[in-house]
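Here is the structure we will look at.
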Amino acid sequence: TKLGEIFINEDGNYIFKHYSTHTMKMFYMERGAGASNLHMRFNLAAVRPGTFQLSKKLSGTENEANDLIEFPYQIWYKSESTGTYVLLSDPSKVKYVGTSTQAKYQPTFTPAGGQSAYEHVFFLKPGESVEAELPVDVIDYYVVECGVNPDVYDVVKANNAELTGTSTPNGNRKDYKVDPATLIDRSKIEYDNHVKEGSMRSLEITKRLWDQGGQSRLVYPADKTPFTFRLYLGTENDDSRALPLANMYSYHVKDNDGNYCRWDAGTQSFVSLGKTSYSDLTDTEKKQATFTTSINGSISKIPADHTVEVRNLIATTQYKVEERDYEIPKGYTLRLGDGYTRVDVVPEVTTETTPYSGTIQRDETPEIEVRNQKGWGLTAMKEWTDSDFMVSYDPIYFAVYVKHGDELVLDTNAVRQLKSGQTEVYYFFESLETGHRFSDYVIREVTVTTRDGSEPVVDAAGKVTVNDNVVVTPINAGETLTIDGQAYGSPSTSSFSYTVSYKPGEQTTHNENVRTDTVINSRPGIDLLKTDWNGSPLSGAVFTLKNAETGDDVSAAETYTSKTETGRITTAYLAPGTYTLNEIAVPKGSVALPGPMTITVNSDHTVSVSGVDESYYTLVNHGAGASMIATITVKNKSTSFQVKKMDSSTSSPLEGAHFALYYAVEDSVTHEKIKDYNPIPGYEDLVTDANGILHDVNAGLQARTYFLTELQAPDGYDLFPEGHRDLMFTIGEDGTVSIDTEEYKDWLKVSPGAEPGEQSYTIEIPNDREKKVSFKKVDINDRDRVLEGAVFDLYRVIGGVRADTPDYSNMISGADGLLVCDGTEVFKLPVGTYHLVETDAPDGYIMKSEPIVITVAAGTDEHSVSYVEGGSQSVSGRDVIYNSSTQTFTLVITNTNGVELPMTGGPGTMAYTLTGAMLMLAAVCVLVLRRRWE
Numbered sequence: 001t002k003l004g005e006i007f008i009n010e011d012g013n014y015i016f017k018h019y020s021t022h023t024m025k026m027f028y029m030e031r032g033a034g035a036s037n038l039h040m041r042f043n044l045a046a047v048r049p050g051t052f053q054l055s056k057k058l059s060g061t062e063n064e065a066n067d068l069i070e071f072p073y074q075i076w077y078k079s080e081s082t083g084t085y086v087l088l089s090d091p092s093k094v095k096y097v098g099t100s101t102q103a104k105y106q107p108t109f110t111p112a113g114g115q116s117a118y119e120h121v122f123f124l125k126p127g128e129s130v131e132a133e134l135p136v137d138v139i140d141y142y143v144v145e146c147g148v149n150p151d152v153y154d155v156v157k158a159n160n161a162e163l164t165g166t167s168t169p170n171g172n173r174k175d176y177k178v179d180p181a182t183l184i185d186r187s188k189i190e191y192d193n194h195v196k197e198g199s200m201r202s203l204e205i206t207k208r209l210w211d212q213g214g215q216s217r218l219v220y221p222a223d224k225t226p227f228t229f230r231l232y233l234g235t236e237n238d239d240s241r242a243l244p245l246a247n248m249y250s251y252h253v254k255d256n257d258g259n260y261c262r263w264d265a266g267t268q269s270f271v272s273l274g275k276t277s278y279s280d281l282t283d284t285e286k287k288q289a290t291f292t293t294s295i296n297g298s299i300s301k302i303p304a305d306h307t308v309e310v311r312n313l314i315a316t317t318q319y320k321v322e323e324r325d326y327e328i329p330k331g332y333t334l335r336l337g338d339g340y341t342r343v344d345v346v347p348e349v350t351t352e353t354t355p356y357s358g359t360i361q362r363d364e365t366p367e368i369e370v371r372n373q374k375g376w377g378l379t380a381m382k383e384w385t386d387s388d389f390m391v392s393y394d395p396i397y398f399a400v401y402v403k404h405g406d407e408l409v410l411d412t413n414a415v416r417q418l419k420s421g422q423t424e425v426y427y428f429f430e431s432l433e434t435g436h437r438f439s440d441y442v443i444r445e446v447t448v449t450t451r452d453g454s455e456p457v458v459d460a461a462g463k464v465t466v467n468d469n470v471v472v473t474p475i476n477a478g479e480t481l482t483i484d485g486q487a488y489g490s491p492s493t494s495s496f497s498y499t500v501s502y503k504p505g506e507q508t509t510h511n512e513n514v515r516t517d518t519v520i521n522s523r524p525g526i527d528l529l530k531t532d533w534n535g536s537p538l539s540g541a542v543f544t545l546k547n548a549e550t551g552d553d554v555s556a557a558e559t560y561t562s563k564t565e566t567g568r569i570t571t572a573y574l575a576p577g578t579y580t581l582n583e584i585a586v587p588k589g590s591v592a593l594p595g596p597m598t599i600t601v602n603s604d605h606t607v608s609v610s611g612v613d614e615s616y617y618t619l620v621n622h623g624a625g626a627s628m629i630a631t632i633t634v635k636n637k638s639t640s641f642q643v644k645k646m647d648s649s650t651s652s653p654l655e656g657a658h659f660a661l662y663y664a665v666e667d668s669v670t671h672e673k674i675k676d677y678n679p680i681p682g683y684e685d686l687v688t689d690a691n692g693i694l695h696d697v698n699a700g701l702q703a704r705t706y707f708l709t710e711l712q713a714p715d716g717y718d719l720f721p722e723g724h725r726d727l728m729f730t731i732g733e734d735g736t737v738s739i740d741t742e743e744y745k746d747w748l749k750v751s752p753g754a755e756p757g758e759q760s761y762t763i764e765i766p767n768d769r770e771k772k773v774s775f776k777k778v779d780i781n782d783r784d785r786v787l788e789g790a791v792f793d794l795y796r797v798i799g800g801v802r803a804d805t806p807d808y809s810n811m812i813s814g815a816d817g818l819l820v821c822d823g824t825e826v827f828k829l830p831v832g833t834y835h836l837v838e839t840d841a842p843d844g845y846i847m848k849s850e851p852i853v854i855t856v857a858a859g860t861d862e863h864s865v866s867y868v869e870g871g872s873q874s875v876s877g878r879d880v881i882y883n884s885s886t887q888t889f890t891l892v893i894t895n896t897n898g899v900e901l902p903m904t905g906g907p908g909t910m911a912y913t914l915t916g917a918m919l920m921l922a923a924v925c926v927l928v929l930r931r932r933w934e
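Read in our numbering, the sequence shown has 501 at position 501, and its numbers run on one by one without any break.
Spelled out as structure tokens, the structure:
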């Protein structure tokens, strides 16, 4: 084989020798009668010829797959072409096992604190394996683990053999080299570094909280506000200024008594497990007490006095703890003097507001406190009524004023710029003015100008420098403000006049120290509202609004949905022109507009509507100076939907028809809609009532496509026409109902509902009554003479094609001439076409060579069942006898008496005639010869 060679030893056992590794495995020949195959299991490591595998293991720690540690390696080899050992320097030759990804590589590497560099270094983490490809003429090779710190790793092994380290120019670090070997003798190398006792450490981060003014500690649970940290972890060789975020790294949470905690989803809080020692936790408790950071190193929902413990950090690991400003809960701030403080060393190490970073040392557990102070948080939220229709706005300004009686006094440090695209400005107050409450602090939109006409000074955070040259003017509620902006679809900016209004928020959180005030800028537009037919607001209706000429959207929004309670679709800000409003989806029980509504905005800002009947909307033009140009209220009709079962002839409702409802799904190959495997739960067996209604199939169904399958027809009726078939129908997002099965489309009836403003959809499924039919065999010349012993098969014909198997087979005429099958003389035949085929005729009669074509039609009259002989031979009316009392049709089938002469294959009289002729000819010949002889 291409993998190796197979040998047979003298005991009859099979041995497989791998070409690359020279590993030998023994297999066996299966014994016994007929056994001739060799059964082999190739359970060998996948090492390709010309390669070897290098893997890394960590021992002496509870976390043997610590992915924060990287180990550097050099690969040396000697080939026939070089004759000396050279470094493998091509990074494309070393890849993670089983992948095409190159291993981490650096052309030069200097260990942390070292002076001497290594060249062409590859890195492995614990649990990783790489495959290294060497030249085809390689003689042997070896590997070196570079710059190992003996203070952290006390034993280094390769393939379970302890290695002796050699000194390096880099302090006390050592190199660990394996002896040279061929690829055949050694195809794998596994380095195992044993962690020296005391080298695996923990990092603790505790949240501390102080009250307003920073004088008194706030403790849990008096303040339950949760906080978020960011954790960075890196190796000793990472750049301390750019440590990576700890991605999905495990940590634990301890309460203020040092007990490990689990998370309780019901209370959304940490709950003590009552144990302070990790080793005392059961396996289940360890799992409950273990959490992981996000992919961005986030540790969240940590309240005051709780400690985050990060275990299994190897000495020399670098770390950083950060609480980002935008992640600090509103109403709190990082303490300016000692926001980050290390408390396990004396004197305390304080970094103020700079994220704390350091390196894990042997025999230490860094304890970091992240300290916050409570204050007051005030948010100014911006709301533009025309935001959907605008691309951008010029910058606007907010300011905080403090009430002094009836006067508002500007806080000169609280003037902020809000740029286009931003939605809020946040203010934090560490303390309040003496004698004032938080409710005295109010938000105002302002204009900012300068006396000398220069631009105001604004820093990167949006703070405006206020001095004697700057004039800040508040805009009171109801006053107007002109702001430049670019409307959607417009190539340039324009000026728009907005009316400003304020909506103060409620003070929230502990001690009511957080509040959000909303500032609304509005301008006149067209108010689009949605109601039902009776005028009640209707939510959940979806519309598109487009330019009628170009077909383009008129805003950044592709669709608009009517809101809960108000029924507001949107306030549209439209330039003079023509637009189309199209309803594309409706809530359950409603049906959309019958077509697009055309809205025309005239040059005088009046509005007109066309395209749909006036009953579907109301229009009010408000005139100049109003808050709205116009209001258009779109009304929806309610919809009813039902499936009704009925007699195809009389249209009478049919009770007792059984159905199942299925979802339509997409075929993965043809992408056509097909019926799901199982019915919808709860819709497996639906039965029509006395009115023929299938109640569970109604307007309450969600918008999608369904299959309705008839399981059982009412007594005396057939299933769907032409047998057991499915009806596919769709309830559209716009509330309309349609039938997708082409031959059943006329079953859908659309009509006004019983109530004004209602539209009714009914699928009327007809059932054809089965006709009772019997067959009587008679003599064609004497119809009173019944014939016994005729045999027939009856086939259904669908789409002009006769079925492969008969519905009734071996139907035999009895002494009364009636065909009988399994004891039945009267057969219930659904509407359709049939072939009656004779397979054996009575003695002395000729068997029919062509099928008898029977037609069973809808209706109840005596002509609804008919038949014709093969070859379209006409049949007398007396051949179909209808008994009105029993509603039975008897078809009289005739046979012709006599013996049919064979066309081929029989001797007949021809043989006798020929024989006689030959004898006569022979006699003549004898007579002639005698005369000649004489």
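Virtual Cβ for every residue (Gly too), placed ideally from N, Cα, C.
inquiry  = Any contact between the segment 525 to 538 and the segment 632 to 642? By contact I mean 3 or more CB pairs, one from each, below 8 angstroms.
reply    = yes
ask   = Based on the DSSP output, what are the partners of residue 863 in its beta bridges?
value = For the purposes of this step, residue 863 is taken as residue 863 along the sequence shown, with counting starting at 1. In DSSP, residue 863 forms no bridge with anything.
inquiry  = Excluding the 5 residues flanking residue 758 on each side, which residues of the same chain have their C-beta closer than 8 angstroms to its C-beta?
reply    = Here residue 758 refers to the residue found at position 758 when the sequence shown is read from its first residue. Excluding positions up to five away in sequence, the list reads 533, 637, 638, 639, 640, 752.
ask   = By DSSP, does residue 235 sit in helix, in strand, or in coil?
value = Walking along the sequence shown from the start, residue 235 turns up at place 235. Coil at residue 235, not helix or strand.
request  = Have a look at residue 334 and residue 354 and give me their C-alpha separation to the nearest angstrom.
outcome  = Residue mapping note: residue 334 aligns to position 334 of the sequence shown, counting from 1. Residue mapping note: residue 354 aligns to position 354 of the sequence shown, counting from 1. Taking the straight line from one Cα to the other gives about 10 angstroms.
key: Cα-Cα separation between residue 384 and residue 673, rounded to whole angstroms   = In the sequence shown, residue 384 corresponds to position 384, counting from 1. In the sequence shown, residue 673 corresponds to position 673, counting from 1. If I take the Cα positions, the gap works out to 45 angstroms.
query = Closest to residue 257 by CA distance: which of 267, 272, 728 is it?
reply = As a first step, residue 257 is located in the sequence shown; it is residue number 257 there, counting from the start. Ranking the options by Cα distance to residue 257, first place goes to 272.
message = Looking at residue 584: is its Cβ nearer than 8 angstroms to the Cβ of residue 550?
response = Within the sequence shown, the letter at position 584 stands for residue 584. Within the sequence shown, the letter at position 550 stands for residue 550. Not in contact: residue 584 and residue 550 (Cβ atoms no closer than 8 angstroms).
key: For residue 342 and residue 48, the rounded distance between their alpha carbons   = Stepping through the sequence shown from its first residue, residue 48 is reached at position 48. Stepping through the sequence shown from its first residue, residue 342 is reached at position 342. Taking the straight line from one Cα to the other gives about 53 angstroms.
key: the segment 128 to 143 contacting the segment 79 to 93, beta-carbon criterion three pairs below 8 angstroms   = yes
query = Looking only at its own chain, which residues have a Cβ that is under 8 angstroms from the Cβ of residue 238, when we skip the five neighbours before and after it?
reply = Position 238 of the sequence shown, counted from the first residue, corresponds to residue 238. Result list for residue 238: 244, 318, in chain order.
key: Cβ-heavy atom distance, residue 77 to the ligand FAD, below 7 angstroms   = Ligands displayed in this structure: none; no statement on the ligand FAD is therefore possible.
inquiry  = Excluding the 5 residues flanking residue 887 on each side, which residues of the same chain have their C-beta closer than 7 angstroms to its C-beta?
reply    = Here residue 887 corresponds to residue number 887 of the sequence shown, with the count starting at 1. Taken in chain order, the residues that qualify are 772.
inquiry  = Please give me, in chain order, every unbroken run of the alpha helix (DSSP H) with length at least 4 that falls completely inside the segment 236 to 292.
reply    = Segments of the alpha helix (DSSP H) lying fully in the segment 236 to 292: 283 to 288.
query = So what does DSSP say about residue 91, is it helix, strand or coil?
reply = In the sequence shown, residue 91 corresponds to position 91, counting from 1. Residue 91 falls in the helix class under three-state DSSP.
key: 8 angstroms contact criterion, which residue 374 and residue 209 should meet: CB distance rounded   = Translated into positions along the sequence shown, residue 374 becomes position 374. Translated into positions along the sequence shown, residue 209 becomes position 209. Correct: roughly 7 angstroms between the Cβ atoms.
request  = Evaluate contact between the segment 408 to 425 and the segment 387 to 400, counting only Cβ atoms and requiring at least three cross-stretch pairs below 8 angstroms.
outcome  = yes
ask   = residue 660 lies in the beta strand (DSSP E); which residues open and close that run?
value = Here the question's residue 660 lines up with position 660 in the sequence shown. Residue 660: member of the beta strand (DSSP E) spanning 658 to 666, first to last residue.
query = By Cβ distance below 6 angstroms, which residues in the same chain neighbour residue 499 in space, the five residues on each side in sequence not counted?
reply = One-based indexing of the sequence shown puts residue 499 at position 499. Within the same chain, residue 499 has close Cβ partners 480, 522.
query = Counting along the chain, where does the beta strand (DSSP E) carrying residue 194 start and finish?
reply = Reading the sequence shown from its first residue, position 194 is the one you call residue 194. That run of the beta strand (DSSP E) goes 188 to 195.
task = May I ask you to report which of helix, strand or coil DSSP gives residue 747?
result = On the sequence shown, residue 747 is found 747 positions in, with the first residue counted as 1. In this structure, residue 747 counts as helix in the three-state DSSP scheme.
task = Mark residue 229 as exposed unless 16 or more other C-beta atoms lie within 10 angstroms of its C-beta, in which case mark it buried.
result = As a first step, residue 229 is located in the sequence shown; it is residue number 229 there, counting from the start. Under this definition residue 229 is a buried residue.
query = CB residue 315 to CB residue 199, shorter than 8 angstroms?
reply = Residue mapping note: residue 315 aligns to position 315 of the sequence shown, counting from 1. Residue mapping note: residue 199 aligns to position 199 of the sequence shown, counting from 1. Cβ distance < 8 angstroms, so residue 315 and residue 199 count as in contact.
task = May I ask which residues mark the beginning and end of the beta strand (DSSP E) holding residue 628?
result = Translated into positions along the sequence shown, residue 628 becomes position 628. Counting along the chain, residue 628 falls outside any beta strand (DSSP E), and DSSP gives it neither H nor E.
query = So, using beta-carbon positions, are residue 819 and residue 777 closer together than 8 angstroms?
reply = Counted from its first residue, the sequence shown places residue 819 at position 819. Counted from its first residue, the sequence shown places residue 777 at position 777. For residue 819 and residue 777, yes; Cβs fall inside 8 angstroms.
ask   = Would you say residue 364 and residue 173 are within 8 angstroms of each other, going by their C-beta atoms?
value = Locating residue 364 in the sequence shown gives position 364, where the first residue counts as 1. Locating residue 173 in the sequence shown gives position 173, where the first residue counts as 1. No, Cβ-Cβ distance for residue 364 and residue 173 is not below 8 angstroms.
inquiry  = In whole angstroms, give me the CA-to-CA distance for residue 411 and residue 466.
reply    = Numbered from its first residue, the sequence shown carries residue 411 at position 411. Numbered from its first residue, the sequence shown carries residue 466 at position 466. So the two alpha carbons sit approximately 10 angstroms from each other.
request  = Please look up how many angstroms separate the CB atoms of residue 892 and residue 879, rounded, as I've assumed it's under 8 angstroms.
outcome  = Counting from one through the sequence shown, the residue named residue 892 turns up at place 892. Counting from one through the sequence shown, the residue named residue 879 turns up at place 879. Rounded to whole angstroms, the Cβ separation of residue 892 and residue 879 is 4 angstroms, and the two are in contact under 8 angstroms.
query = Can you tell which of 662, 576, 768 has its C-alpha closest to the C-alpha of residue 726?
reply = Start at 1 with the first residue of the sequence shown, and residue 726 comes out as number 726. Cα-wise, what sits closest to residue 726 is 662.
inquiry  = Contact between the segment 574 to 582 and the segment 595 to 614 is defined here as three or more beta-carbon pairs at a separation below 8 angstroms; is this criterion met?
reply    = yes
message = Can you give me the C-alpha to C-alpha distance between residue 285 and residue 255, rounded to a whole angstrom?
response = By one-based count along the sequence shown, residue 285 stands at place 285. By one-based count along the sequence shown, residue 255 stands at place 255. If you take the alpha carbons of residue 285 and residue 255, they lie about 15 angstroms apart.
inquiry  = Quick check on the burial criterion: 16 or more other C-beta atoms within 10 angstroms. Buried or exposed for residue 336?
reply    = Translated into positions along the sequence shown, residue 336 becomes position 336. By the 10 Å Cβ count, residue 336 comes out exposed.
inquiry  = So for residue 120, helix, strand or coil by DSSP?
reply    = Within the sequence shown, the letter at position 120 stands for residue 120. Three-state DSSP puts residue 120 in a strand.
ask   = Hey, out of 320, 305, 282, whose CA is closest to residue 298's CA?
value = In the sequence shown, counting from the first residue as 1, residue 298 sits at position 298. For residue 298, the nearest C-alpha among the options comes from 320.
inquiry  = On the criterion of 16 or more Cβ atoms from any shown chain inside 10 Å, does residue 769 qualify as buried, or is it exposed?
reply    = Start at 1 with the first residue of the sequence shown, and residue 769 comes out as number 769. Buried, by the Cβ-count rule.
task = Could you tell me which of 863, 831, 894 sits nearest to residue 851, measuring between CA atoms?
result = The residue you call residue 851 lines up with position 851 of the sequence shown. Among 863, 831, 894, the Cα nearest to that of residue 851 is on 894.
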